[in-house]
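Some notes on the structure that comes next.
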Amino acid sequence: MILRILSAALAVAFPCAWAQTFTHFEARHVHPISLTPDGKTLLAVNSPDASLSVFNCSNSLRQSPLLIGEIPVGLEPVSVRARTDSEAWVVNEVSDSISIVSLIDGSVIDTLQVPDEPADVHFAAGKAFVSCSANRMLRVFNATTRAPLGSISLEGVAPRAITSNADGSRIYVAFLLSGNRTTILPRTTAPAQPVPDNPNLPAAPTTALIVAANDPRIAHNVIDHDVAEINTSTLAVTRYFGDTGTHPFDLALRPGSDELWIANSESLNLIRYEPNLRGKFARHRLSKIQLNGDATPLIHDLNPGIDYGVKPNTAASSQALAQPTAIVFPASGQDAWIVAFNSDRVARVDVQSGAVSARIDLRSEGEGSALMRGPRGLALTPDGTRLFVLNKISNSITTIDTGTAAVLTEIPSGSNDPTPAAIRQGRGFLFDARLSGNGTVSCATCHLDADRDGLAWDQGDPGGEMVTMKGAFLSAHILTLEDRVMHPMKGPMVTQTLVGMGGNVTPLVTPPEAITAKFHWRGDKPSLQSFNSTYDKLMGGNEIPAADMDALSAYLMTLRHHPNPNRNPDRTLPTALGNGNPVKGRDMFNNHEKSHCAMCHALPAGTDQNIDRKLEVNGTQEMKNPPLRTIYQRANLYNPASGAASLSGFGLGSDGSGHEMPKVHFYHLDNLSKVQELRDVSAFLMCFDTGTAPAVGRSMTIDHARKGSAAVTAEMDLLEARAAPLILDCDVVLRGKIGGVSRSYRYVPASARYVSDRAGEAPLTRAALLALIQPGDSATLLGVLQGNGGRLGGDRDGNGVSDGNEAAPVLTISPAADGVILKWPGPSSGWYPQSSPSPAGPWGPMTAPSQFLLNEESSALPTSVEPRRFFRLHSTR
Numbered sequence: 094m095i096l097r098i099l100s101a102a103l104a105v106a107f108p109c110a111w112a113q114t115f116t117h118f119e120a121r122h123v124h125p126i127s128l129t130p131d132g133k134t135l136l137a138v139n140s141p142d143a144s145l146s147v148f149n150c151s152n153s154l155r156q157s158p159l160l161i162g163e164i165p166v167g168l169e170p171v172s173v174r175a176r177t178d179s180e181a182w183v184v185n186e187v188s189d190s191i192s193i194v195s196l197i198d199g200s201v202i203d204t205l206q207v208p209d210e211p212a213d214v215h216f217a218a219g220k221a222f223v224s225c226s227a228n229r230m231l232r233v234f235n236a237t238t239r240a241p242l243g244s245i246s247l248e249g250v251a252p253r254a255i256t257s258n259a260d261g262s263r264i265y266v267a268f269l270l271s272g273n274r275t276t277i278l279p280r281t282t283a284p285a286q287p288v289p290d291n292p293n294l295p296a297a298p299t300t301a302l303i304v305a306a307n308d309p310r311i312a313h314n315v316i317d318h319d320v321a322e323i324n325t326s327t328l329a330v331t332r333y334f335g336d337t338g339t340h341p342f343d344l345a346l347r348p349g350s351d352e353l354w355i356a357n358s359e360s361l362n363l364i365r366y367e368p369n370l371r372g373k374f375a376r377h378r379l380s381k382i383q384l385n386g387d388a389t390p391l392i393h394d395l396n397p398g399i400d401y402g403v404k405p406n407t408a409a410s411s412q413a414l415a416q417p418t419a420i421v422f423p424a425s426g427q428d429a430w431i432v433a434f435n436s437d438r439v440a441r442v443d444v445q446s447g448a449v450s451a452r453i454d455l456r457s458e459g460e461g462s463a464l465m466r467g468p469r470g471l472a473l474t475p476d477g478t479r480l481f482v483l484n485k486i487s488n489s490i491t492t493i494d495t496g497t498a499a500v501l502t503e504i505p506s507g508s509n510d511p512t513p514a515a516i517r518q519g520r521g522f523l524f525d526a527r528l529s530g531n532g533t534v535s536c537a538t539c540h541l542d543a544d545r546d547g548l549a550w551d552q553g554d555p556g557g558e559m560v561t562m563k564g565a566f567l568s569a570h571i572l573t574l575e576d577r578v579m580h581p582m583k584g585p586m587v588t589q590t591l592v593g594m595g596g597n598v599t600p601l602v603t604p605p606e607a608i609t610a611k612f613h614w615r616g617d618k619p620s621l622q623s624f625n626s627t628y629d630k631l632m633g634g635n636e637i638p639a640a641d642m643d644a645l646s647a648y649l650m651t652l653r654h655h656p657n658p659n660r661n662p663d664r665t666l667p668t669a670l671g672n673g674n675p676v677k678g679r680d681m682f683n684n685h686e687k688s689h690c691a692m693c694h695a696l697p698a699g700t701d702q703n704i705d706r707k708l709e710v711n712g713t714q715e716m717k718n719p720p721l722r723t724i725y726q727r728a729n730l731y732n733p734a735s736g737a738a739s740l741s742g743f744g745l746g747s748d749g750s751g752h753e754m755p756k757v758h759f760y761h762l763d764n765l766s767k768v769q770e771l772r773d774v775s776a777f778l779m780c781f782d783t784g785t786a787p788a789v790g791r792s793m794t795i796d797h798a799r800k801g802s803a804a805v806t807a808e809m810d811l812l813e814a815r816a817a818p819l820i821l822d823c824d825v826v827l828r829g830k831i832g833g834v835s836r837s838y839r840y841v842p843a844s845a846r847y848v849s850d851r852a853g854e855a856p857l858t859r860a861a862l863l864a865l866i867q868p869g870d871s872a873t874l875l876g877v878l879q880g881n882g883g884r885l886g887g888d889r890d891g892n893g894v895s896d897g898n899e900a901a902p903v904l905t906i907s908p909a910a911d912g913v914i915l916k917w918p919g920p921s922s923g924w925y926p927q928s929s930p931s932p933a934g935p936w937g938p939m940t941a942p943s944q945f946l947l948n949e950e951s952s953a954l955p956t957s958v959e960p961r962r963f964f965r966l967h968s969t970r
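Residue 970 is where the sequence shown ends in our numbering, and the numbering goes up by one at each step.
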């Protein structure tokens, strides 16, 4: 029987008291699921719950893995790798850390701090390599002692997925935002746009032009580093590979060969104008490189034969594979298995021809975008008979029989998912490529994980209509509303992030129509619902119902930026960053006579939401004053100087041409002239507050030996101070094994006490709490988003009952004709059956084959096989 866990069912199973204040980071999974070397234990990240789920899959007759453990880790776990059968390393993207997990003890025994936005970890040559995406580097550790061995700087944007060759002498790192050898020709050099198709339109504005990087008018060199090869002995980069794809999501070596396969998407942003882009602006491929021969990539299109001129193309949509984010090989190397994240499909690919030999739909008949799964990671058993798929959006695990290419079961990734049902359903409308005319593109084709793709696109429409919005001349303190008339041939625009929009507030209150939130670079969209036409005009599908757009909008407004790593842990500005002073830079930014910056880029978000006069910035089009929260992520990638090597083809300005900090654009009231003034303001912009405090995600594992250390004292001082009532930067929790038992504690600033996960226990001082940590114990101190302390520190499901007081479910044992039938809540309910030949033990997971109903699991055990057995339910925590 195939079990399908639906979002509606999950919403019933997990009532959420946190729904009204729920915000999150949209974890960017890389390798979110993994098997231990012996193939008996399956590990999966449960990102919304900040935990690692542990499944027993030792019985091949059981169609679904059995959840036997849930271990608290850092914030936003995105990858997990088993170092041994008893130890796993979990990569926490927001915590900037690696949780070292003992699978025997069921707890985090150490936490390694790493640079910003770690993405993946891989073991080779006795070392652990961690990709640090935002810092463009690898951090290296001794895999056994965990001693740091140094860092490897990389020339590429967003290094994430890692793999190695068979003997571990080389590792390979993929750069997610590697680009595609396109760049921007500034409007001062670009030719005029053609005459509009709509005869009622005036002449098009002067704009920049997207061109190939080898265009003779381009003087800089755009680097296309898709994959780096690194010698694991010398820790030196030996070479880079290019032309494999705009977005290399995952990579793997085919067993028995020297072939490196890269799962990727290729963006076609050289196509100009929205009508020409409609439904055909991306290709999804597998690229193959011969490592010991000609390294020119061989490209296999995952959707060959599609007629992109036909829309709607139902036949294509029913088979399309969009955004391949994972690839694995069986030991034979005869086939490759991939997931198509935006299509809700898994596919088997013949490695000789590159043809797709099987497609597996993860949705049931009639299910739409609101019930999207979002397959993101793969784990294949050593014998190649079972394929486990981690579904990011539904937070579930699908088990596939590789012999029949059929879905066996789908179960939750863990016993708790705090994501409100409405938010989960809204996510699907962003990611689902089935909403396009041919099934190959979605909003997330460009907005990867609701973020950026590092490119510019010209989505102008020569046949479109003029758009009029309201703005005011606020830079000159004039409050009178004025019409801002915008041409549909808008020219190239860099893809903006969809993260943090709920926090892009302005302190201004008048005039209301000018400072009301509006969207896109030009502010030509009055609401997120205004983007509904994109499903038709850009994606080639149909507009979606208004209620679905409302759900999408609600989801997008919950997305949070990561903390800015350049700020001090207490959220203050450093006095030095690079060659500038951010404190002095802030003062000049706010100095009305000196810079005038804050008039348009008002704090806290760096925007007043107004569309000011274009002449103020020497523009040819009206533009909204954009927020500045992500400057630190996008700076120093683009360099158009003659002969310069540029990691990206696009810069900081709306059309991708701005690059010099802090003067990304001209402003006639700017009085910054001294070199040090410019450096100081640039340093401040690199420290711009993202709306999420640096305390969020900070973590430290405390054991008996460390609990009295100065480092622990300093960290607890910091986090407790940032949780104070007048600050509210974060909540503070402590989670782990204390007294040999899984416990959670939440810090209450008003009383300076820690409240436990068991009602009736007296709140503890810090000293009393640390005194509970005995030899063999370990617990991790963690700063979490303000308002999430209750969920992560004692009431996971938000039902008002502390975790330690939750009633144990009932295990029912009833006689059958030739044995007994066991029934218990499931699957992945937080409790699992154990069996033993004696009440005194030893107890172990009962992994017999079972059957599923929606909220129940049952197993029939013949007494002829088990003449004497004792059973109980055990908590996964």
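Where a beta carbon is used, it is the ideal one built from N, C-alpha and C, also for glycine.
_Residue-chain proximity (residue 118, chain E), Cβ-Cβ < 7 Å_ = Among the chains in the structure shown there is no chain E, since it carries only a single protein chain.
*Name the DSSP bridge partner or partners of residue 225?*
Partner(s): 211, 230.
*Would you say residue 422 and residue 345 are within 7 Å of each other, going by their C-beta atoms?*
Between residue 422 and residue 345, the gap from beta carbon to beta carbon is short of 7 Å.
*For the alpha helix (DSSP H) that contains residue 641, what are its first and last residues?*
Here the alpha helix (DSSP H) through residue 641 covers 639 to 649.
_Can you look up residue 977 in the DSSP assignment and give me helix, strand or coil?_
The first residue shown for the chain is 94 and the last is 970, placing residue 977 beyond what the model contains.
*Local conformation of residue 628 per DSSP, three classes*: Three-state result, residue 628: helix.
*Opposite residue 489 in the DSSP bridges: which residues?*
The partner list for residue 489 (beta bridge, DSSP) reads 484, 505.
*Going by CA-CA distance only, name the one from 890, 841, 133, 116 that's closest to residue 472.*
133
*Might you give, ordered along the chain, the residues of its own chain that have their beta carbon closer than 7 Å to the beta carbon of residue 95, omitting 5 neighbours on each side?*
Confidence at residue 95 is low in this model, with a pLDDT of 45, below 50, so the placement of that residue should be treated as unreliable; the coordinate-derived value is given next. Excluding residues within five positions, the ones whose Cβ falls inside 7 Å are 500, 501, 502.
*Taking contact to mean at least 3 C-beta pairs separated by less than 8 Å, is the region 375 to 390 in contact with the region 570 to 582?*
Cβ pair count under 8 Å is below three, so no.
*Could you have a look at residue 772 and say whether DSSP puts it in helix, strand or coil?*
In this structure, DSSP gives residue 772 a helical state, which the three-state scheme calls helix.
_Which residue marks the beginning of the alpha helix (DSSP H) containing residue 677, and which one marks its end?_
675 to 682
*Could you tell me which residues DSSP puts in a beta bridge with residue 172?*
Answer is 184.
*asked:* Please state whether the Cβ-Cβ distance between residue 882 and residue 810 is less than 7 Å.
replied: no
*Sort 599, 563, 558, 592 by Cα distance to residue 580 and report the nearest one.*
The shortest C-alpha separation from residue 580 is found at 558.
*Give the DSSP-derived three-state secondary structure of residue 894 in the structure shown.*
coil
*Determine the closest residue to residue 167 out of 790, 254, 477, with distance taken between C-alpha atoms.*
790
*Which first and last residues belong to the beta strand (DSSP E) in which residue 908 is found?*
905 to 909 is the extent of the beta strand (DSSP E) around residue 908.
_Can you confirm whether the region 767 to 776 touches the region 170 to 185 when touching is taken to mean that 3 or more C-beta pairs between the two stretches lie within less than 8 Å?_
no
*Where residue 413 sits in the DSSP three-state scheme*: coil
*State yes or no: is the C-beta of residue 119 nearer than 6 Å to some heavy atom of the ligand ZN?*
No copy of the ligand ZN appears in this structure; indeed no ligand is present at all.
*Is it right to say residue 505 is buried, meaning 16 or more other beta carbons lie within 10 angstroms of its own, or is it exposed?*
buried
*Exposure label - residue 796; buried when at least 16 CB within 10 Å*: Label assigned to residue 796: buried.
*asked:* Quick check on the burial criterion: 16 or more other C-beta atoms within 10 angstroms. Buried or exposed for residue 450?
replied: exposed
*Proximal residues to residue 978 (C-beta, below 7 Å), its chain only, five neighbours per side dropped*: One cannot answer for residue 978 here, as it falls past the ends of the chain, which runs 94 to 970.
*Under 7 Å Cβ to Cβ from residue 489, same chain only, skipping five residues before and after it: list those, please.*
98, 466, 503, 504, 505, 506
_Where residue 526 sits in the DSSP three-state scheme_ = Three-state result, residue 526: helix.
_Cβ pair residue 592, residue 654 closer than 7 Å_ = Contact flag set, yes.
*What does residue 134 pair with, by DSSP beta-bridge criteria?*
149
_Tell me which residue opens and which closes the beta strand (DSSP E) that residue 950 is part of._
949 to 955
*What residues in its chain sit with their C-beta under 8 Å from that of residue 122, if we drop five residues either side in the sequence?*
138, 140, 171, 172, 418, 469, 470, 483, 485
*Name, in chain order, the residues that DSSP records as bridge partners for residue 933.*
Residue 933 pairs with nothing; no bridge assigned.
*By a C-beta neighbour count over all protein chains shown, 10 Å radius and 16 as the cutoff for buried, is residue 934 buried or exposed?*
exposed
_For a quick check, are the C-beta atoms of residue 943 and residue 929 less than 7 Å apart?_
no
*Return the CA-CA distance between residue 183 and residue 616, expressed in angstroms with no decimal places.*
40 Å
*First through last residue of the alpha helix (DSSP H) which encompasses residue 726*: 724 to 727
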